[in-house]
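Participant: In terms of my numbering, the first sequence opens at residue 4 and continues consecutively. C-beta: ideal position from N, C-alpha, C; glycine also. On a predicted model such as this, the values are computed, not experimentally measured, just so you know. Pasting a structure below so you can have a look.
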Amino acid sequence: MRMSRLFSRTLRQAPTGADSKGYEYLLRAGFIKQLGAGIFSALPLGFRSLKKIEQIIREEMDRIGGQEISMPVVNPADIWKQTGRFYSIDKELSRFKDRVGRDMVLAMTHEEAVTALAAQEIDSYRQLPSLVYQVQTKWRDDPRPRAGLIRVREFTMKDSYSFDADHEGLVKQYERHYEAYFKIFGRCGLSVIAVGSDSGMMGGSVAHEYMYLSPIGEDTIIICDKCGYTANRQIAAFEKELFPEEMLPLEKVETPNTPTIKALAEYLSIPERKTAKAVFLMGTFTGEDQQEYQKLIIAVIRGDLEVEEAKLQKAVRAKELRGAADDEIRACSMEPGYGSPIGARDCIVVADDSVVGSQNLTAGANEPGYHLMNTNYGRDYEGITADIAAAQEGSACSVCGMPMRSSRGVEVGNIFQLGTRYSESLDCYFQDVEGKRKPVVMGSYGIGVGRLLACLTEEYHDGKGLKLPITVAPYQVHLVSLVKQGDEPEEIYKQLCDAGIEVLYDDRKDSPGVKFTDAELIGLPIQIVIGKRTLQEDAVELSLRGDGEKKLVPLSEITSVVQEHIRKLTEEITDSMVVESLPPSSP
RNA sequence: CGGGCUGUAGCGCAGGGGCUAGCGCGCUUGGUUCGGGACCAAGAAGUCGGCAGUUCAAAUCUGCCCAGCCCGACCA
């Protein structure tokens, strides 16, 4: 491609709002352009990178037996009603009516569509196992898009769906994906870790997320360096130290101006672990009649711990949680800042293991300025008991007991064992060897293509611009011509193209400085400079992005030398690839 | 959805009741230059986010709306 003809251009200054370096360079190098909040166009350079990522994904999906298909972005709402997600998902799912008034949705994922499709195609065990995938646009009306391509509303996703006759089959396909994903990310040059995750709105039991560890990530990952346990904090287990004691009688004490655990512990001179904290949330539930209703939830946890809302939401099976307002708390006979489940009414009490296993905790008296000492679960109040505590930096690993660390991560892929939830509700059944009708056992597997590119640009840049790995860079070679006369540049360009090498050829009439700066900004892995000086020696200058080392290459050897570099650079990526297998004891 | 900030030329910004709305970069034309964001000259380009109001007069003041960004809520 000639740069004089390139549709996009580079920007000297980043548009405002480009807060991360990766995003800034994507914009400045002319890879992407924003159209609206969380809505982006891919320009030629960005589009080429995205295509390369997709190609890698296709190859690895094909390798594990995937067959590519394409499913519609617009779905009739019926199938979403049948699985219940039309009702259970909030505004993130965009709905509209067609001209006849039929309910339609913009697919945010394709479990419904693929299950409806499989229901028509699959009727015998002989057709199983099966695996289909697509690279398709998704729309999710995220309440707050941000961070460039990391969190957008419209995006491209590779989603695959496995169909099996039984759970063992599903596990096999799941394992294959588990490894294939490491190959995909590895070939792109991104190191990720797989962590156990919450299955969220997908339902199902086992799920993993692939995390690119970075401070810009919005997920918190808990990692045990000792034994290798990793999990999203939303489900991360940890060992809680309990403090069992003989129960003592309740005692009401005056505790002015102590609405927080910290203030209370200081006022009474007791450690925070001797207190019970009440966290009030309003949960949205769907009743048996499909009607939504709200109910206050009081989560009780030991004062030295924090509530993990995802765990809590799971424990109470709420569709949604939000912080409760003060008057909503008072409506249930409790007092914000001095609250406890003792004396509460019309609400759901959830007690963390920590308050079940530790006695004589100081909790609110539901009266401003007063607390109760020696409250005890079971004697003074009851409710659902569960682990609803958030693991933190330093929490003890539930497997080996060592202190764990926490890290931020970006979720670039996920895999779910769905089971039969979708096949049952959409009537996707097959006949087994014995002629018995059974629901197909399904798995669902996603990779965010744009998000992956965003992570790659976060990982691969320096002060001057991008330096994407050769496997995903839009072109392999940046050919910079500094000479105004002679046919050499055109000949070299043609020669490289004819050899099947991907070349971005800077044939513009700009000054050398402009060309060098743009070459660094776009950051293609191999850079070739043709100058008067080099031509006098019948050579060009070749350098690799990042190492700054320049060497002269004779004109006659350019193609072979470039091919050798491409081979080596590609090899370096594949050599450093680490493919892990699904740990046998995984959740 | 709550809180905050910002909308003026392609990008980055200045101007903040008064007469033809500016600057840098970019763009166009001509010339010079030619290995690290060159120089000279001449140009093109903005209904100042929208609507309404106040005023003799609004980019400027007020209200409403829209859009984008940041924090939070939220989120496969």
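With DSSP as the reference, label Thr388 as helix, strand or coil.
Facilitator: Residue mapping note: residue 388 aligns to position 385 of the first sequence, counting from 1. If DSSP states are grouped into helix, strand and coil, Thr388 belongs with the strands.
Participant: In the structure shown, what three-state DSSP assignment does Ala279 receive?
Facilitator: Looking up residue 279 in the first sequence gives position 276. Three-state DSSP puts Ala279 in a strand.
Participant: Between which residues of its own chain and Ser428 is the CB-CB distance below 6 Å, once the five residues before and five after are set aside?
Facilitator: Position 425 of the first sequence, counted from the first residue, corresponds to residue 428. Excluding residues within five positions, the ones whose Cβ falls inside 6 Å are Gln85, Thr86.
Participant: Using 10 angstroms around the beta-carbon of Asp355, count the other beta-carbons present and answer buried if the total reaches 16, otherwise exposed.
Facilitator: The residue given as residue 355 occupies position 352 in the first sequence. Looking at its Cβ environment, which holds 16 or more other Cβ atoms inside 10 Å, Asp355 is buried.
Participant: Under a three-way DSSP split, which group does Leu267 fall into?
Facilitator: Counting from 1 along the first sequence, the entry for residue 267 is found at position 264. In the structure shown, Leu267 sits in a helix (DSSP, three-state: H, G or I).
Participant: Could you check which residue in Leu30, Asp126, Ile273, Met160 has the C-alpha nearest to that of Val76?
Facilitator: Indexing the first sequence from 1 puts residue 76 at position 73. With distances taken between Cα atoms, Val76 lies closest to Met160.
Participant: Going residue by residue through the region 329 to 398, where are the continuous beta strand (DSSP E) segments of at least 3 residues, counting only ones entirely within it?
Facilitator: You should have 350 to 355, 364 to 367, 373 to 378, 387 to 389.
Participant: According to DSSP, what are the bridge partners of Ser163?
Facilitator: Along the first sequence, one-based indexing puts residue 163 at 160. Ser163 is bridged to Tyr136, Tyr448.
Participant: In the DSSP assignment, the alpha helix (DSSP H) including Pro259 goes from what residue to what residue?
Facilitator: Counting from 1 along the first sequence, the entry for residue 259 is found at position 256. Segment: none, Pro259 is in no alpha helix (DSSP H) and carries neither H nor E.
Participant: Phe433 to Asp521, Cα distance in whole Å?
Facilitator: Along the first sequence, one-based indexing puts residue 433 at 430. Along the first sequence, one-based indexing puts residue 521 at 518. Rounded to the nearest angstrom, the two C-alpha atoms are 58 Å apart.
Participant: Would you kindly check if the distance between the Cβ of Ile531 and the Cβ of Glu544 is under 8 Å?
Facilitator: Taking the first residue of the first sequence as 1, we reach residue 544 at position 541. Taking the first residue of the first sequence as 1, we reach residue 531 at position 528. Taking 8 Å as the Cβ cut-off, Glu544 and Ile531 qualify as a contacting pair.
Participant: CB-CB under 7 Å to Pro590, same chain, minus the five flanking residues each way: which ones, in chain order?
Facilitator: Residue numbering aside, residue 590 sits at position 587 when the first sequence is read from its first letter. The pLDDT assigned to Pro590 is 44, lower than 50, so where the model puts this residue is not dependable; a value taken from the coordinates is nonetheless given after this. For Pro590, where only same-chain residues beyond five positions count, the Cβ hits under 7 Å are Gly199, Val209.
Participant: Lys317 by DSSP, collapsed to three states: which one?
Facilitator: Locating residue 317 in the first sequence gives position 314, where the first residue counts as 1. Helix at Lys317.
Participant: Would you give the residue range spanned by the beta strand (DSSP E) that Pro442 belongs to?
Facilitator: Along the first sequence, one-based indexing puts residue 442 at 439. 440 to 442 is the extent of the beta strand (DSSP E) around Pro442.
Participant: If you scan the region 511 to 544 from start to end, which runs of the beta strand (DSSP E) of 3 or more residues do you find wholly inside it?
Facilitator: Qualifying beta strand (DSSP E) stretches, in chain order: 529 to 533.
Participant: Check the DSSP bridge columns for Phe288 and list the partner residues they point to.
Facilitator: To locate residue 288, count along the first sequence from 1; it is residue 285. BP columns for Phe288 point to Tyr296.
Participant: Okay, do the region 61 to 68 and the region 171 to 189 touch, 3+ Cβ pairs below 8 Å being the bar?
Facilitator: Taking 8 Å as the limit for Cβ pairs, the verdict is that the region 171 to 189 does touch the region 61 to 68.
Participant: Decide yes or no for the touch test of the region 451 to 458 against the region 484 to 494: beta carbon pairs closer than 8 Å, at least 3 of them.
Facilitator: The answer is no - the region 484 to 494 does not touch the region 451 to 458, with fewer than three Cβ pairs under 8 Å.
Participant: In angstroms with no decimal places, state the Cα-to-Cα distance between Ser163 and Val103.
Facilitator: Sequence index remark: in the first sequence, residue 163 carries index 160 (1-based). Sequence index remark: in the first sequence, residue 103 carries index 100 (1-based). Rounded to whole angstroms, Ser163 to Val103 spans 32 Å at the Cα level.
Participant: In the DSSP assignment, what are the bridge partners of Thr112?
Facilitator: Taking the first residue of the first sequence as 1, we reach residue 112 at position 109. The partner list for Thr112 (beta bridge, DSSP) is empty, contrary to what the question assumes.
Participant: For Gly438, count neighbouring C-beta atoms within 10 Å of its own C-beta (all shown protein chains included) and say buried if the count is 16 or more, exposed if not.
Facilitator: In the first sequence, counting from the first residue as 1, residue 438 sits at position 435. So Gly438 counts as exposed.
Participant: Which two residues bound the contiguous beta strand (DSSP E) that contains Met214?
Facilitator: Taking the first residue of the first sequence as 1, we reach residue 214 at position 211. Taken as a continuous stretch (DSSP letters only), the beta strand (DSSP E) holding Met214 covers 210 to 216.
Participant: Quick check: the region 326 to 338 against the region 239 to 252, are there 3 or more CB pairs under 8 Å?
Facilitator: No, they do not touch.
Participant: Specify the secondary structure class of Met6 as computed by DSSP and reduced to three states.
Facilitator: In the first sequence, residue 6 corresponds to position 3, counting from 1. Three-state result, Met6: helix.
Participant: Check this for me: beta carbons of Lys54 and Leu46, under 8 Å apart or not?
Facilitator: Walking along the first sequence from the start, residue 54 turns up at place 51. Walking along the first sequence from the start, residue 46 turns up at place 43. No.
Participant: Do three or more CB pairs link the region 294 to 313 to the region 384 to 401 at distances below 8 Å?
Facilitator: Verdict: yes, contact present.
Participant: By DSSP, does Lys243 sit in helix, in strand, or in coil?
Facilitator: In the first sequence, the residue the question calls residue 243 occupies position 240. Coil.
Participant: Let me know if Met405 comes out buried or exposed under the rule of 16 or more other beta-carbons within 10 Å of its beta-carbon.
Facilitator: As a position in the first sequence, residue 405 is number 402, starting the count at 1. Flag for Met405 reads exposed.
Participant: Compute the distance between the beta-carbons of Val506 and Val480, then report whether it is under 8 Å.
Facilitator: The residue you call residue 506 lines up with position 503 of the first sequence. The residue you call residue 480 lines up with position 477 of the first sequence. Result yes, Cβ atoms of Val506 and Val480 sit closer than 8 Å.
Participant: Looking only at its chain, what residues have a beta carbon closer than 8 Å to the beta carbon of Leu38, apart from the 5 residues adjacent to it on each side?
Facilitator: Within the first sequence, numbered from 1, the residue matching residue 38 stands at position 35. Result list for Leu38: Ser44, in chain order.
Participant: With DSSP run on the structure shown, which of helix, strand or coil describes Asp607?
Facilitator: Residue 607 cannot be examined here, being either before or after the span of the chain that is shown, 4 to 590.
Participant: According to the Cβ coordinates, are Gly220 and Arg411 closer than 8 Å?
Facilitator: Here the question's residue 220 lines up with position 217 in the first sequence. Here the question's residue 411 lines up with position 408 in the first sequence. The answer is yes: Cβ separation under 8 Å.
Participant: Whose CA, out of Arg61, Asp201, Ala234, Asp167, lies closest to the CA of Cys400?
Facilitator: Taking the first residue of the first sequence as 1, we reach residue 400 at position 397. Cα-wise, what sits closest to Cys400 is Ala234.
Participant: Looking at the secondary structure, which residues open and close the alpha helix (DSSP H) in which Arg66 lies?
Facilitator: Counting from one through the first sequence, the residue named residue 66 turns up at place 63. Note, Arg66: alpha helix (DSSP H), 47 to 66.
Participant: From this set, Val483, Val413, Glu312, Tyr463, which residue's C-alpha is nearest Asp513's C-alpha?
Facilitator: Here residue 513 refers to the residue found at position 510 when the first sequence is read from its first residue. The option with the nearest alpha carbon to Asp513 is Val483.
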